[in-house]
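A.B. asks: Dropping the structure in here first, questions after.
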Amino acid sequence: MKTTSFLFLIFLIFPCQASEFLRVGDTRSLGLGGAGVTHTFTFNPALLVLSTNKQAGVDIFNRFNVSGLQTLQASFIYSNDLLPAGINISSFGNDAYRETCFMLAVGKQISEMVTLGIASTYLFIQSEGVDKNPSRLAIDAGVVIKTVDKLLIGISILNFPSVNLTVRNEQFKQTPVYNLRAGFNWNIIESCMLTSELICSEESPLTVNMGVEYYPYSSFSLRAGLQDNFRMPTCGIGYVFSRFSFQLATQFHPLLGTCTGLGLKALF
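The sequence shown maps to residues -18 to -1, 1 to 250 in mature numbering (1 follows the signal peptide of the UniProt record, and there is no 0).
Here's what the structure looks like:
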């Protein structure tokens, strides 16, 4: 009962940000302050072109530090020379209230330095007492620019356009909100990378996410970052064994406390 009440409180406070509970990026980007526009195709579909292997991954993130309210997501990337594609399925909530999102993305190499990507996302809400599930359809687009070997620039716009579908109950009607992101990765030395991104949307002021990743060993990495105008420090670690990688991230929220994320990925 406590978890269900907390869910509805969240929905009432953040009615326009429901899909943001699902779009949390992968665990690596969480450890880097949430900077995802140059790290995960759920924030920038153009990144699919940079994947050199087929891969499957699972990520779990407890945004609200409440048992039973984890965001679960599974992703698959099919890497090929013609049209790289990716699928992501994410879910947040419990039996009383649940949000689920399906994403299908493709990317294309336009030139030696530029890649483009586009994605379609379908979000629907399941809630007790609602006969027909409210749903929303949106389009994402992104570009990646690789000017020099050590610098990567990413730009994306999410939920633009975005339309509500099958919404009969005004309580569940959400105003589609675009999300514009721009950021970079800069390998200052071979074992250290700096990353940062700017985020602008219709309902919130400009925010900044930034992070640093350091490899003391080729298979082990340390991460630290600052998210949302420096109010939420983050940290994380990564370990690679053969074709498998393990990621762990922690976010320190000023009100919710310590929130953790766990990720597993396999290359084949």
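Note that beta-carbon positions come from the ideal geometry of N, C-alpha and C, so glycine has one too.
Measuring alpha carbon to alpha carbon, tell me which of Asn141, Phe142 and Val126 ends up nearest Ile135.
C.D. replies: Here residue 135 refers to the residue found at position 153 of the sequence shown. Taking only the C-alpha atoms, the option nearest Ile135 is Val126.
A.B. asks: Report the residue ranges of all beta strand (DSSP E) runs contained in full by the stretch 76 to 123; include only those spanning at least 3 residues, in chain order.
C.D. replies: The qualifying runs are 79 to 91 and 96 to 109.
A.B. asks: How far does the beta strand (DSSP E) with Leu176 in it extend, from its first residue to its last?
C.D. replies: Taking the sequence shown and counting its residues from 1, one reaches residue 176 at position 194. Its beta strand (DSSP E) spans residues Cys174 to Ser183.
A.B. asks: Could you tell me if Ser1 is buried or exposed, where buried requires 16 or more neighbouring beta carbons within 10 angstroms of its beta carbon?
C.D. replies: Here residue 1 refers to the residue found at position 19 when the sequence shown is read from its first residue. Reliability fails at Ser1, whose pLDDT of 48 lies under 50, so the model's placement of it is uncertain and the value that follows must be treated cautiously. That one is buried.
A.B. asks: Would you call the CB atoms of Val190 and Asn211 closer than 9 angstroms?
C.D. replies: Taking the sequence shown and counting its residues from 1, the one referred to as residue 190 is at position 208. Taking the sequence shown and counting its residues from 1, the one referred to as residue 211 is at position 229. Taking 9 angstroms as the Cβ cut-off, Val190 and Asn211 qualify as a contacting pair.
A.B. asks: For Val31, which of helix, strand or coil comes out of DSSP?
C.D. replies: For the purposes of this step, residue 31 is taken as the residue at position 49 of the sequence shown. DSSP places Val31 in helix when its eight states are reduced to three.
A.B. asks: If you count every other CB in all the chains shown that lies within 10 Å of the CB of Ser173, and 16 or more means buried, which is it?
C.D. replies: The residue labelled residue 173 in the question sits at position 191 within the sequence shown. Per the 10 Å Cβ criterion, exposed.
A.B. asks: Give me, in chain order, the residues of the same chain whose beta-carbon lies closer than 6 angstroms to that of Phe43; leave out the 5 immediate sequence neighbours on both sides.
C.D. replies: On the sequence shown, position 61 is the one that residue 43 refers to. Taken in chain order, the residues that qualify are Val6, Thr53 and Gly243.
A.B. asks: Tell whether a beta-carbon distance below 9 angstroms holds between Gln91 and Val31.
C.D. replies: Along the sequence shown, one-based indexing puts residue 91 at 109. Along the sequence shown, one-based indexing puts residue 31 at 49. It is a contact, given that the beta carbons lie within the stated cut-off.
A.B. asks: Residues in the same chain with beta-carbon distance under 6 angstroms from Ser203, minus the five sequence neighbours each way, listed in chain order, please.
C.D. replies: Your numbering for residue 203 matches position 221 in the sequence shown. Cβ neighbours of Ser203 beyond the five flanking positions: Glu195, Tyr197 and Gly220.
A.B. asks: In chain order, what residues of the same chain have a beta carbon less than 7 angstroms from the beta carbon of Leu176, not counting five sequence neighbours either side?
C.D. replies: Residue 176 sits at position 194 when you count from the first residue of the sequence shown. If we look at Leu176 and ignore the five residues flanking it on each side, its Cβ neighbours are Trp168, Ile170 and Val194.
A.B. asks: Can you tell which of Leu147, Ser73, Asn141 and Val145 has its C-alpha closest to the C-alpha of Arg163?
C.D. replies: Within the sequence shown, residue 163 is the residue found at index 181, counting from 1. The shortest C-alpha separation from Arg163 is found at Asn141.
A.B. asks: So what does DSSP say about Ala(-1), is it helix, strand or coil?
C.D. replies: The residue labelled residue -1 in the question sits at position 18 within the sequence shown. Unreliable placement is indicated for Ala(-1), whose pLDDT of 45 sits below 50; no coordinate value is reported for it.
A.B. asks: Cβ atoms of Leu208 and Gln229: under 9 angstroms apart, would you say?
C.D. replies: Here residue 229 corresponds to residue number 247 of the sequence shown, with the count starting at 1. Here residue 208 corresponds to residue number 226 of the sequence shown, with the count starting at 1. No, Cβ-Cβ distance for Gln229 and Leu208 is not below 9 angstroms.
A.B. asks: Three-state secondary structure (DSSP) at Leu246?
C.D. replies: As a position in the sequence shown, residue 246 is number 264, starting the count at 1. Residue state, collapsed to three classes: strand.
A.B. asks: Quick one: residues in its chain with C-beta nearer than 6 angstroms to the C-beta of Asp41, no 5 flanking neighbours on either side, listed in chain order?
C.D. replies: Within the sequence shown, residue 41 is the residue found at index 59, counting from 1. Cβ within range, chain order: Asp8, Thr9, Gln55 and Gly245.
A.B. asks: Measuring alpha carbon to alpha carbon, tell me which of Val96, Ala38, Asn115 and Phe223 ends up nearest residue 265.
C.D. replies: As shown, the chain starts at -18 and ends at 250. That puts residue 265 outside it, with no answer to give.
A.B. asks: Determine the burial state of Asp122: buried for a count of at least 16 other Cβ atoms within 10 Å of its Cβ, exposed for fewer.
C.D. replies: For this step, residue 122 is matched to residue 140 along the sequence shown. Buried.
A.B. asks: Taking the CB atoms as reference points, tell me whether Ile71 and Ala87 lie closer together than 9 angstroms.
C.D. replies: Position 89 of the sequence shown holds residue 71. Position 105 of the sequence shown holds residue 87. No, these two residues do not count as a Cβ contact at 9 angstroms.
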